[in-house]
Amino acid sequence: MSEHPDNTPNSVQLCIWQQNLNTSLTAQASLLNNREIANWDLITLQEPHINFLRNT
1 MSEHPDNTPN
11 SVQLCIWQQN
21 LNTSLTAQAS
31 LLNNREIANW
41 DLITLQEPHI
51 NFLRNT
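Per my numbering, the very first residue in the sequence shown carries number 1; after that it's consecutive.
Written out as structure tokens, the structure is:
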């Protein structure tokens with residue numbers, strides 16, 4: 001017997017957060033220190049802040 005009845009879809013929800021930080025250190029730090037990001041499965045950052053060592 002199936003685990004799900006025929007009328008119930010078997011689906012998984014993927015939550016994606018995408019944000020353009022416009023090379024802002026403040027925006028990047030704020031996002032990465034926000035507790036709410038734990039609720040997202042995937043976080044993509046466009047234009048992250050890059051320091052003088054070429055690190056983010």
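Here a beta-carbon is modelled for each residue, glycine too, at the ideal position from N, C-alpha and C.
This structure is a prediction, so every number in the text was calculated from the model and none was measured.
| said: Using a 10 Å radius around the Cβ and a threshold of 16 neighbouring Cβ atoms, would you call LEU21 buried or exposed? | reply: Here the question's residue 21 lines up with position 21 in the sequence shown. Counting Cβ neighbours within 10 Å, LEU21 comes out buried, since at least 16 surround it.
| request: Check each candidate in ASP41, GLU36, LEU25 and ASN33 and name the one with the smallest Cα separation from VAL12. | output: On the sequence shown, position 12 is the one that residue 12 refers to. Closest by alpha carbon: ASP41.
| said: Let's see if you can read the secondary structure: which residues bound the beta strand (DSSP E) around GLN28? | reply: Residue numbering aside, residue 28 sits at position 28 when the sequence shown is read from its first letter. No beta strand (DSSP E) contains GLN28, which is instead part of the alpha helix (DSSP H) from 25 to 32.
| Is GLN28 closer than 8 Å to PRO133 when the C-beta atoms are compared? | Outside the shown range of the chain (1 to 56) lies residue 133, about which nothing can therefore be said.
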